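Novice: Residue numbers (my numbering): 464 to 599.
Put into structure tokens, the structure is as follows:
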């Protein structure tokens with residue numbers, strides 16, 4: 464079973480103090496079966512890591528090593544996300560009062576009929592309302 468993974472779950476895995484058993488289970492599944500992300504996932508993850516460097520949570524070596532580790536995971540980037548941004552994704556964002564960024568993960572999970580792995584409560588509520596299976 465493949466899945467859609469968002470940046471909140473990814474970053475909980477990156478930062479050990481935020482990692483839970485459920486997060487580890489998702490990444491175990493991901494390592495075996497792969498995962499899908501919208502292209503914005505790279506920007507979101509890199510942005511949080513860079514902002515954390517600026518706030519002195521960790522140094523640039525940690526950021527760079529983390530990005531290199533994430534690049535080795537079997538994560539596929541969805542090529543359709545941008546084509547859905549101004550219609551389906553926007554409609555999901557409006558309906559569930561999500562950011563378009565979060566709605567992009569929901570749209571991908573719906574379109575691909577894959578479970579969604581997220582720790583974001585608003586996104587979890589929207590996924591439940593859309594009958595998307597949740598992990599974590």
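C-beta atoms are modelled at their ideal positions from N, C-alpha and C, and glycine is treated no differently.
Computed from a predicted structure; not experimentally measured.
1) For the 8 Å Cβ check, are there 3 or more pairs between the stretch 517 to 534 and the stretch 479 to 499?
2) Would you tell me roughly how many angstroms separate the C-alpha atoms of residue 479 and residue 473, rounded to the nearest one?
3) How many Å lie between residue 514 and residue 503 at the Cα?
4) Which word fits residue 501, buried or exposed, when buried means at least 16 other C-beta atoms lie within 10 angstroms of its C-beta?
5) Would you list the one or two residues that DSSP bridges to residue 499?
6) Count the other CB atoms, across all protein chains shown, that sit within 10 Å of the CB of residue 546; report buried if there are 16 or more and exposed otherwise.
7) For residue 527, tell me which candidate among 541, 539 and 511 has the shortest Cα-Cα distance.
8) Residues bridged to residue 597 by DSSP?
9) Please confirm if residue 510 has its CB atom under 8 Å from at least one CB of chain B.
Specialist: So, from the listed chains and residues:
1) Result no; under three Cβ-Cβ pairs closer than 8 Å.
2) Residue numbering aside, residue 479 sits at position 16 when the chain shown is read from its first letter. Residue numbering aside, residue 473 sits at position 10 when the chain shown is read from its first letter. Rounded to whole angstroms, residue 479 to residue 473 spans 11 Å at the Cα level.
3) As a working note, residue 514 is residue 51 in the chain shown. As a working note, residue 503 is residue 40 in the chain shown. Those two C-alpha atoms are separated by around 16 Å.
4) On the chain shown, residue 501 is found 38 positions in, with the first residue counted as 1. Residue 501 comes out buried.
5) Here residue 499 refers to the residue found at position 36 when the chain shown is read from its first residue. Paired residue(s): 467 and 539.
6) Position 83 of the chain shown, counted from the first residue, corresponds to residue 546. Classification for residue 546: exposed.
7) As a first step, residue 527 must be located in the chain shown, where it is residue number 64. Residue 511 is the option with its Cα nearest to residue 527.
8) For this step, residue 597 is matched to residue 134 along the chain shown. Its beta-bridge partners are 579.
9) The chain labelled as chain B is not found in the depicted structure, where only one protein chain is given.
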